[in-house]
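Structure record follows, encoded as structure tokens.
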Amino acid sequence: MRLPLRRGAKRKGGFSPTLAGWQASTHAELAWRSARGAGARWAIAGGVLGVLIGLIAFAPAAWLASAVASATNQRLLLADARGTVWSGSALPVLTGGPDSRDASALPGRMQWNVSLSGLTLELRARQECCLNSGTVLRVKPGLARLQATLQPPPDGIVGQWPAAWLAGLGTPWNTLQLGGTLRLSTPALNLESVEGRWRMAGRAEVDLVGVSSRLSTLPTLGSYRLSLAGDGSGNSQITLSTLEGPMQLSGNGNWGAGGVHLRGEAAAAAADEAALSNLLNIIGRRQGARSIIAIG
């Protein structure tokens, strides 16, 4: 006599419809929870990425100003920075460094635009009084190194600034109170920082044109040129020469891992020695009609 199979009991060699349905329901719920968890993770990741992109795209110009101040030990400030890191403006100010009371600002605002070309940042800046808009600075960061290439316009002139701006750097510039024009030119210049050490390849010239000083009664002291030439080896040569004028400057030196070293002299013709005496005393150590210049 066969006994009737109780409802819900498992048949021999078979399966329970109720148990199978429960297992299918459990698997579906686990899959749904997994999909919901993955979706939440993707949503969080997307939100974080969006915030990062927003921070990068709309990073305030004040961040760039802070970076410049830190890199120059607060000797160059971008005051009243407006806009973003990528497109903004500011007032360039020279100071004597932390806690210095000396400061000198340029007239008008400097505008800049930064764009990406692959892994390279391209900076274009302009300032009506001083900076040529055709100049491009390309910066390529790398592992423990930084490459910067300065590409001037066809005439090679990067910019020109009033020499009086240098007074903001403090001593001795605030004492000299120079007049005239400071001009930077180069055919092309490459700078590379490797583990904090700078190397230069190319040539640059800094001209001081029509220089005057409150320490002299002469209307002009002359025009001078400071030349820098590097082959990328880490040791660049410096040459100081006189283009014209009653005060003669000359010198030679180098810029390397140990900083700037320059040895030279300033001299005046006998007819102008009295008018240049105070200035020669400030420039260096006096030896008769000459003043010995020693930097570094």
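Sequential numbering from 0 applies to the sequence shown in numbering that gives the first Met the number 0. We treat Cβ as the ideally placed atom computed from N, Cα and C, and that holds for glycine.
Query, Result
"Let me know the secondary structure DSSP gives ASN277 once reduced to three states.", "helix"
"Where does THR219 fall in DSSP's three states?", "coil"
"Taking buried to mean at least 16 other C-beta atoms within 10 Å of its own C-beta, is THR119 buried or exposed?", "exposed"
"In angstroms with no decimal places, state the Cα-to-Cα distance between ASP91 and ASN251.", "The sequence given here places Pro at residue 91; Asp does not occur at that position. Approximately 30 Å, taken between the alpha carbons."
"Assuming contact is defined by CB atoms lying nearer than 9 Å, are ALA265 and ILE282 in contact in what I supplied?", "yes"
"So, with DSSP's three-state summary, where would you put TRP172?", "helix"
"From the DSSP output, in three-state form, read off TRP62 for me.", "helix"
"Rounded to the nearest angstrom, what separates GLN159 and LEU142 at their Cα positions?", "34 Å"
"With H, G and I counted as helix, E and B as strand and the rest as coil, what does DSSP make of LEU118?", "coil"
"Could you name the residues that DSSP lists as bridge partners for ILE237?", "LEU227, GLY252"
"Tell me the DSSP bridge mates of PRO150?", "As written in the sequence, residue 150 is Gln, which differs from the Pro given in the question. Paired residues: VAL135."
"Report the rounded CA-to-CA distance for GLY82 versus SER114, giving the unit in angstroms.", "15 Å"
"Pick from ASN131, GLU121, ALA293, PRO151: whose alpha carbon is nearest that of VAL138?", "GLU121"
"Any contact of the segment 178 to 197 with the segment 143 to 163, i.e. 3+ C-beta pairs under 8 Å?", "yes"
"Could you please give me the residues that DSSP links to ASP206 through a beta bridge?", "ARG182, ARG224"
"Which residues in the same chain have their Cβ closer than 7 Å to the Cβ of MET0, if we skip the five residues on either side of it in sequence?", "Residue confidence is low: MET0 scores 44 on pLDDT, short of 50, so the model does not pin down where it sits. Its coordinate-derived value is still stated next. So no residue of the chain qualifies."
"Given this structure, state the Cα-to-Cα distance separating LEU227 from ARG198, to the nearest angstrom.", "12 Å"
"With DSSP run on the structure shown, which of helix, strand or coil describes ASP271?", "helix"
"Less than 8 Å between the CB atoms is what I'm expecting for SER240 and SER249, so what's the real figure, rounded?", "6 Å"
"Out of GLN146, VAL205, VAL135, which has the shortest C-alpha to C-alpha gap to PRO161?", "VAL205"
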